[in-house]
Structures are given as structure tokens and as C-alpha cells.
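Before any comments, here is the structure.
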Amino acid sequence: MARRPIRWLVPALLVLVWLAVGGGLGPFAGKLSQVSTNDQAAFLPQSAESTRALEAQERFREGQTQPLIVVWTADGKTVTPEQSAAATRTLAALRGTAGVVGTPTPAFGSDDGQALQGVVQLSPDLEALGETLERIGSAVTVDGLRAQLAGPAATRADLSDAFAGIDGLLLGVALLTVLVILLAVYRSVLLPLVIIVGAVFALGLACAVVYFLADHDIVRVDGQVQGILFILVIGAATDYALLLTARFREELAATGDRFAAGRVALRRSFEPIVASAATVALALLALLLSSLTNNRALGPVGAIGIVCAALSALTFLPAVLVLLGRAALWPAKPRPAGAEARGIWGRVAALVDRRPRRLWIATILPLIALALFAPQLNARGVPLDETFVNDAPSVAAQATLSKHFPGGSGQPAVIVAPADRAAAVEKTARDVEGVSDAAPVTQSGRPGDTPKIIDGLALVEATLSDAPDSDAAQDTVKRLRAALAPDRHVMVGGYSAQRYDTTETAKNDTLLIVPVVLAIILLILIVLLRSLMTPVLLVVTVALNFLATLGVSTLVFTHVFGFTGSDASVPLYGFVFLVALGVDYNIFLMSRVREETAHLGAREGVLRGLVTTGGVITSAGVVLAATFAALVVIPLAFLAQIAFIVAFGVLLDTLVVRSLLVPALVRDLDARAWWPSRLGRAESPQASRGLTEAPR
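In terms of my numbering, the sequence shown is residues 519 to 1214.
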């Protein structure tokens, strides 16, 4: 009798601890943006030539700055000398005002005479950048001209606006989506709310840890990393909760004892949940091998989120389920393990059993066909006019600038050269295809004046013919570097060079990180399943699922969404998320198949494993796809593309790869699938037991 109060005490204490965690740390989800940065220059590859050029370039400035380009247009008319003088006066009046560094350049006209532009250097650490731009926009008005703001500072302000709803809108949409799906899955009032609360507690804990690390400059966070963290924690916590509650429901139906059901559910779910969390966390930590700072930032931040999600699912959720018992499922009732055998998953299992070889061949061929389109994805970056999926002011201003001035005007390639060779560098740059003009940076900032020399170095600005965010501009940077390559002391930097270096670095990162992630996943699967054959099959199938998804994404991005390219990191992010998360569902399936195979033999084991996990894994896949799809509320092409890749890939993996391809392959291999473990050497003597008999 003395044990009875203790049985209640442990789960009650766990719930109280998590209530304290949720109450104390929950607000950090809203505070994380305080330690985030959306300065894209902070994420450049540290060893790249453009980064070294940027460091040298900073010596020529009074301090670090971010340029703002003001462009005036006369709506098809010619700009008058009086308007040009007025524009120059408005720029000069900005000197010394809050946020402005140095003296703005005078306004100068376009070749067609219909536009003017000037450059204002702003402090890079402005807390109220949007308000500063509004003030400048009002200050530079000229009668008869339309003023627009372009350049890095304007783009950064639009990025901040795009991420403004990340704490509220994204989180609200994700949680509401999960709640609706859980209500449909469980037909229960209380259980979906319990799962949502557990996910929110996990998110609060993760955000508190990340906030502390970011505040002490241990990790770096931007809006993209923050948004992915929110979605990753909610999706993973819900997936783990679905697996555990499904097992609790089975055991409760079989025994009627909430404590016994809780113990068995936790014991049977612990290993696959831990293996799943370890797979995703280690795959994310592999991003630390990246040379791109934002990729490295996502690694530990995402891993922290996954660990917190698993911790909540393995402590808070079992405690609440034990305390509530059958009330957690009300008005639904617990269902025994064999209940699904007469439903859709019973029919799927029968199909797998009848023609496994024909089924896996018919499934794998379309996936291979779709995968053939994957190499066609253009991952050289998204042009500025496609960065935002809505009409951002900086995009419209850049379009106006490109219409009247050379494509690279306002964001030239910056060549750092020894002062005694600056003239030769300037001449060489002018002769490079794709360079419109080249001129040294002068002491006064006016063209033709004495070149500015600091520490024996000079800067030459090469205006490119093409837009600085275009593939053609990257090609010009490549030609510039080739032309200047004989001089090791010359470096080519600037916006286009940064994009080129980012693209090339991302390619190298992918070649390094992909095999590391595959090796991590393979080792975890070998340890979990005590087999070699099945882990290899699972890794191959999830890799094929990723390639097929990338092929579909290539077609959809080009012909449906109208994107001309993708960010250089999109394939790597898609790979890490899809392969790691795709293996999750195979872990859930095959750990149950292995458990059943030990009792029933290879044939019945795979069929019963498919039947008993089919509903819960499909529900988990739908939840994860829906939560990642919520990223589209942030109007950025990068997150929209990641959202599509992960959502589509998870559904493809859940409905096709895990439901048909993997079971058919394992069924066709029979006991050989478990080689070299003892399960692969002999059939269980209980193999004759029927599909509807659940081993206890």
C-alpha cells in the first residue's frame, strides 16, 4: 500500500517541474528576437576572399557602415539642374543626423537623364533602422521627383519587417495547425491540448537556452534560424508525443492499468525516440563543419531544440498520461494493437504481403525518375526581386535603380590593391567582360580626385553591367579574379563577390556534410536495429526520397512559383531536414518491426509493424509537414522553398517510402533483412501466429 502514493508522486512532481519551466522560461520565445541579427554580412564565409576584402575595406571608412542608396526619378521626364541641386542639398543636410556616418555623396544623374542617385552611409548597429529610413525618406523629397530607398540598409529593414511576425504569427499558425490535426486524429478533447502544452514547454526551454548562448556570443541567431527552431521543436515534440501516446493507448486497452500502460509505453518508446532525436540532433550538429556562419548557427540551435522536444515527450507527457488515465482519451476509447488490422493499414499490409517485389519496383522507379530532375536546381542564390514573396520597398527601389543606371550601380565590386598597382588594376578591371566602369575611391569621395590610400592600399570600385544579385554578376566576379589572379595581394570583394563566395562555399559544404550525415545516420540505425542490411536499405531509401523531392521542387519552383533560383544553402538544409526526419519515421516503423519479428518471425513481423504504426506515423508525418508549411507566413523565398521541400518530402516519405517501399523491400528480403543478427538466421517458431494476435 505504501507504494501507491509514490506511484502518484513521481508523475505529479514531473508535471509541477514542467509547469515551473513553462511559466519561468516560456517568455524567452518572445525575447529571442532581441539577440537575433539579420545582418547578412555577419554570416559570410570567414576564409573567403570577399570577407578578407571586406576587412581591408573597413580601414577606408570612419567606422563600419551599411550603405543606403537614394534614387530619384522624374516619371519619364528629364531631371532638371534645379532638381539635381535640390537632391544634393537634401543629402548634404543629412550629415550629422542620427544614424548617418560621414558625408553622403552628391546626387548624380543617369545617362538617360531621367534619374538621380546618391549614397548615404548608416551606422550598422541602428536599433530603429526602419524609423531612420522613414526619416531619411521624408528628408530627401524633391518637388517633381519620386524618391525611393535601395541598397543593403533598405534590404535589411525589409528583412526585419519580414521577421517581425515570427514571435506571434508563425508560432500561432503552427500551433493552431497542429491542434486541428491532433483533434482530427485523436477525436479527443484533452489529449491534443496536453500534447500542445508539452510542445510549448519544450520550446520555452529551448529558447531560454539559445537566448543565454546567443546573449554570450556563443551562438549566432538570425530570423531564419529562429523560425526554423520554432517549427522544429513543435513538429518534433508532436511527433514524439504521437508515438508515445499511441503505445500508451494500446497498452491501456490491453491491461486497463494506467501505471502499467505508462511504464510499458515509455519503455517501448524510449529507444526509438532517443534514437530519432539523436539522429536529427547529430545531423544538425554536422552543420558545424560548414564554413558559412549561418549554417553553423543552425546546428547547435536546432540540436538544442530537438533535445528539449525529446525531453518533454519522455517526461512531461508520460506523467500527464498516467495522471489522467482514460480521461486523456475522452470521449474516444483505448484501442488494442490489432484494431488497425481490419482498416486501411490492414489492406496495405495485405498488398505488401502478396506482391512485395512488384510493389517495391513499381514504387522505386517513379522516385528515380523524379530524382533525375534534381541536378537542374539552380542554387546560385535568389535575385533580390525574388528574395521577398511580397512587394518589398527595397525591391521596387532596386528595380528603379537598375532601369536607369548600370546593373551594378550602388553595389560595385570592390578591388583591394597595393597603392602602386592601383592604376594597373583599374585598367585591367575595365577590360573585363561584364564591367561597365572602374574608378579608385578618392579622398573627397568625388570622381577624379586624389585616390585615397591607407596602409599602402587603395580601393578600386568596378561597376558591373549586370544587377549585383544576378548569376551574370557572379560570373563577372569570377572573370575579374581570374584576370587579377597573377597578383596575390589583390582581392575582389563587394556584394556580388560575397554571393559568389557564399555559393561556392555552400557547394563545398554540401560535399563535406552529406557523407558525414549519412554516416551518422547509418551508425545509429546499426546500433538501434542490430543489423547491417536494413540500415543500409533505410539510408538508401531516404536519400532517394530527398533526391526525388529535390526533383519535384525544381519543377515546382520554376514552373509554378516562378523562382529563377534558390539560395545556395537550400539543398543542404533540405537534405539535413529530410534525411534526418525521414529516418525518424523509418526508426519508428522498423523498431516496432524488429520487436514484432522477435515474437512472430520476419514475415509477420513486418506486416504487424506496418499495421500497428501506420496510423500514428502517417499522423506524425502530416503534423510535421503542416508545421513546416507554416513557414510560408514569413514572406521570404528561402523559407518558402524550405517549407515546400520539407513538407512535400515528409509526405512523400510518409505515404510512399515508409508505407510501401520500405515494407515491401523488407518483406521481399524476409529474414535476410536482419543479417547478421540472430533474427536474420532463423525464423521464430511463433511465425505461424496470425496478424491479429498481438504479443504481450
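We put the beta carbon where it would ideally sit given N, CA and C, even for glycine. Given the structure is predicted, the values throughout are model-derived calculations rather than measurements.
Around the C-beta of H922, 16 or more other C-beta atoms lie within 10 Å, and the residue is accordingly described as buried.
A547 is positioned such that its CB atom lies closer than 8 Å to that of C725. With contact defined as three or more Cβ pairs closer than 8 Å, the region 616 to 634 and the region 593 to 600 are in contact.
Between the region 735 to 751 and the region 866 to 881 there are fewer than three C-beta pairs closer than 8 Å, too few to call the two in contact. With a beta-carbon spacing of about 6 Å, V728 and V739 fall inside the 8 Å limit used to define contacts.
In terms of CA proximity to L1183, N1104 leads the group N1104, V737, I1152.
Residue state for E1113 is assigned as helix, using DSSP reduced to three classes.
Among the bridge pairs identified by DSSP, Q635 is matched with V589, F626. Nearest Cα to L689 within the set P1181, D735, L1149: L1149. With 16 or more other Cβ atoms from the protein chains shown falling within 10 Å of its own Cβ, S1087 counts as buried. For I933, the enclosing beta strand (DSSP E) has its first and last residue at 931 to 936.
In terms of Cα proximity to T650, the closest of E768, L586, F1075 is L586. DSSP places Q666 inside the beta strand (DSSP E), whose first and last residues are 664 to 668. In this structure, Q575 places its C-beta atom within 8 Å of the C-beta atom of G1011.
For P924, same chain residues with a beta-carbon under 8 Å away, outside a window of 5 residues either side, are S954, D955, T981, L982, S983 in chain order.
V1168 counts as buried, since no fewer than 16 other beta carbons sit within 10 angstroms of its beta carbon.
Contact check for T673 against L919 fails: the beta carbons are separated by 8 Å or more.
For F906, DSSP records a beta bridge to L1154. Counting along the chain, E768 sits inside the alpha helix (DSSP H) bounded by residues 741 to 773.
N908 sits exposed, since fewer than 16 C-beta atoms from the chains shown fall within 10 Å of its C-beta. Here D1186 is near W878, since their CB atoms are less than 8 Å apart.
Here the alpha carbon of L832 sits roughly 54 Å from the alpha carbon of T994. Residue pairing by DSSP places P958 opposite V978 in a beta bridge. Here I971 is bridged, per DSSP, to A976.
Separation of the CB atoms of L677 and Q601 is rounded to 32 Å, and the pair is thereby denied contact status at 8 Å.
Close CB contacts of P836 within its chain, under the 6 Å cut and outside five residues either way in sequence, are with G780, L784 (chain order). Just so you know, the alpha carbons of G1123 and L1036 end up roughly 27 Å apart. In this structure, the CA atom of L701 is about 7 Å from the CA atom of V707.
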